[in-house]
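As they're listed, the protein sequences go chains P and S. Counting from 0, one number per residue, gives the positions in the first sequence under numbering that gives the first Met the number 0. Counting from 0, one number per residue, gives the positions in the second sequence under numbering that gives the first Met the number 0. Glycine residues also receive a C-beta, built at the ideal position from the N, C-alpha and C atoms. Below: the structure, in structure tokens.
Number of protein chains: 2
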Amino acid sequence: MVPAISGSAPLFAALGDRTRLQLVSRLCSGGPSSLANLSAGLPITRQAITKHLRAMERSGLVHSRRKGREMIWRLERRRLREARRYLEIVSAQWDSALARLRDFVED
Amino acid sequence: MVPAISGSAPLFAALGDRTRLQLVSRLCSGGPSSLANLSAGLPITRQAITKHLRAMERSGLVHSRRKGREMIWRLERRRLREARRYLEIVSAQWDSALARLRDFVED
DNA sequence: GCGAAATGCAACCAGAAAGTTGCCTAATCG
DNA sequence: CGATTAGGCAACTTTCTGGTTGCATTTCGC
């Protein structure tokens, strides 16, 4: 009954890395940004950042657009909402009286 | 601005696997359950399930308790709420007028 | 007490992932 | 035009991960 298991796993996987969460944070608070901009300050190479961004792109979490010689990346709000919704549903279900009853019974 | 990056990554990583999401689903809708019970029906070995559960336990997503000869696992609601909250904050921040402004400016 | 059930532990394996280095291409700005 | 800046591609290393098999241990039911 919990929804869309198959589709949600890659999305959470995309969030499940410290560096990628930092990128999400930057993209979130700073808006769309170029690769050079994103990799500035982070302790790893630009190529590694590219790999992370492409991985996130494959899971739909982020989107890229060429602009001249630079690559602009931005967060994909829709996908983020999906992840949030998944957790909301799981939480809600867990919070239900039925779950609590079974918890008690099987204890 | 976005909170608790360091702590959130392992949590999302724990959710970022199809099998583990299935376990979350089972634990969520069925309440606490034994290892044998959880591994029944899944196409992988019991040992693999154990590894997944222990991984989830390390990230605080799940909790185990011995009961006679069986091991009872249950979801940790608190941790699930944390993940949800993280996404809510990121989403909210992204949705803010400031983010949209920067989106426009840097476009 | 004995057999079956539920689990733990350790070694092992293949493939994915995170990161690097080296070099190449395409815009941009003096 | 020439130098610089932004980025792409490919090969390679190391470590992590998901999964396996084999065997030992504890506990339950009869």
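What are the start and end residues of the beta strand (DSSP E) that includes residue i?
i, result
"residue 48 of chain S", "Per DSSP, residue 48 of chain S belongs to no beta strand (DSSP E); it is in the alpha helix (DSSP H), 45-57."
"residue 64 of chain P", "61-66"
In the DSSP assignment, find the alpha helix (DSSP H) that holds residue i and state where it starts and stops.
i, result
"residue 79 of chain P", "76-94"
"residue 17 of chain S", "17-29"
"residue 35 of chain P", "34-38"
If you drop the 5 nearest sequence neighbours on each side, which residues of the same chain put their C-beta closer than 8 Å to that of residue i?
i, result
"residue 12 of chain P", "58"
"residue 52 of chain S", "22, 34, 37, 61, 63, 72"
"residue 43 of chain P", "18"
By alpha-carbon positions, which one of the options ends up nearest to residue i?
i, options, result
"residue 94 of chain S", "P:19, P:68, P:76, P:8", "P:76"
"residue 91 of chain P", "S:83, S:90, S:91", "S:83"
"residue 18 of chain S", "S:54, S:85, S:67, S:81", "S:54"
"residue 69 of chain S", "S:78, S:31, S:15, S:7", "S:31"
"residue 74 of chain P", "P:50, P:56, P:7", "P:56"
"residue 6 of chain P", "S:50, S:66, S:42, S:14", "S:14"
"residue 24 of chain S", "P:78, P:8, P:79, P:29", "P:8"
"residue 128 of chain S", "S:79, S:42, S:85", "An answer regarding residue 128 of chain S cannot be provided, because it is not within the stretch 0 to 106 covered by chain S."
Using a Cβ-Cβ cut-off of 7 Å (strictly less than) and excluding sequence neighbours within five positions of residue i, which residues of its own chain qualify?
i, result
"residue 38 of chain P", "45, 48"
"residue 1 of chain P", "Summary for residue 1 of chain P: the model assigns pLDDT 48, below 50, so the residue's position carries little reliability; its value from the coordinates is reported in the next sentence. So the qualifying residues of the chain are 88, 89, 92."
"residue 40 of chain P", "none"
For residue i, which residues of its own chain have a beta-carbon under 6 Å away from its beta-carbon, when the five flanking residues on both sides are left out?
i, result
"residue 10 of chain P", "58, 82"
Determine which residues of the region 8-24 of chain S have a Cβ less than 9 Å from any Cβ of chain P, and write them out in chain order. Across the region 8-24 of chain S, CB contacts with chain P closer than 9 Å involve 8, 9, 10, 11, 12, 13, 14, 15, 16, 17, 18, 19, 20, 21, 23, 24, in sequence order along the chain.
By the 8 Å beta-carbon criterion, what residues does the region 72-97 of chain P contribute toward chain S? 73, 74, 76, 79, 80, 82, 83, 86, 87, 89, 90, 92, 93, 94
Output, in sequence order along the chain, the residues in the region 24-53 of chain S whose CB is closer than 8 Å to any CB in chain P. 24, 27, 28, 29, 30, 31, 32
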